[in-house]
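**Q**
Residue numbers (the working numbering): 3 to 239.
1) Leaving out five residues before and five after residue 203 in sequence, what residues of the same chain have Cβ atoms less than 7 Å from its Cβ?
2) With the cut-off set at 8 Å, would you say residue 60 and residue 117 are in Cβ contact?
3) Going by the DSSP bridge assignment, what does residue 43 pair with across the sheet?
4) Helix, strand or coil, according to DSSP, for residue 198 in the structure here?
5) Let's test the definition: count the other Cβ atoms within 10 Å of the Cβ of residue 6 and tell me whether it reaches 16, buried, or not, exposed.
6) Ordered along the chain, which non-local residues of its own chain (more than five positions away) have a Cβ less than 6 Å from that of residue 87?
7) With a threshold of 8 Å, are at least 3 pairs of Cβ atoms found where one atom belongs to the region 143-153 and the other to the region 180-196?
8) State yes or no: is the C-beta of residue 135 within less than 8 Å of the C-beta of residue 18?
9) With respect to the beta strand (DSSP E) encompassing residue 184, which residues constitute its N-terminal and C-terminal limits?
10) To which residues of the same chain is residue 188 closer than 7 Å at the C-beta, ignoring the five residues directly before and after it?
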């Protein structure tokens with residue numbers, strides 16, 4: 003809110019410079035057990051289950067922070083894996099990179115991958131992203147045919163352009179798009195690559211929304227709801 007009490011939304015460029023996004027750096031040093039706990043998933047077991055002869059397993063971690071978990075996974079898994087970590091800030095751990103690990107400094111709103119991934123994760127990173135729904139949509143399109151995307155996501159951080167909650171229409175639209183939203187654990191999952199269309203047009207973000215369920219300041223994402231638009235999803239063949 004501005005000093006006059008009116009809602010003021012900012013674009014992604016301004017958001018990436020905001021103190022709210024900068025302060026989230028304090029929460030980026032998770033190791034692999036923390037990933038497993040936050041995502042409700044055994045990362046290494048998931049990756050090992052996807053081994054195929056002659057082909058490397060590929061894992062993409064969005065908003066990877068220091069990449070401690072990625073370094074641990076690379077060491078534990080051994081040969082036959084490619085891991086890509088993307089983060090807005092170059093605070094990566096480790097003086098050297100093991101083979102098969104690439105750490106990229108970029109906004110995830112602008113970054114485009116090469117190839118598809120067996121596993122895509124985002125641990126508490128969506129809380130600080132402007133267009134959360136676009137990030138979810140793009141991640142779903144980067145999956146291998148039988149790939150898995152899982153991320154922490156709080157549907158209450160999605161608001162309409164006037165600041166009111168998106169309400170139950172949002173989880174319904176996510177389900178209709180083939181996504182699995184778990185409101186209790188605040189996680190979203192997508193199994194298998196798909197092209198998703200949602201009836202929401204991004205209007206901007208509010209970096210003064212205050213703490214979310216984690217207790218940390220977070221970002222609300224605001225959208226125009228397009229009642230005439232259809233929710234669609236097309237699984238990739």
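The beta-carbon is built from N, C-alpha and C at its ideal position, and this holds for glycine as well.
**A** Checking against the coordinates, here is how it stands:
1) 225, 226, 228
2) yes
3) DSSP, once it has assigned bridges, lists no residue as partnering residue 43.
4) strand
5) Because the pLDDT of residue 6 is 46, which lies under 50, any placement of that residue in the model is unreliable, and the question is left without a value.
6) 63, 66, 69, 72, 105
7) yes
8) no
9) 182-184
10) 154, 155, 156, 215
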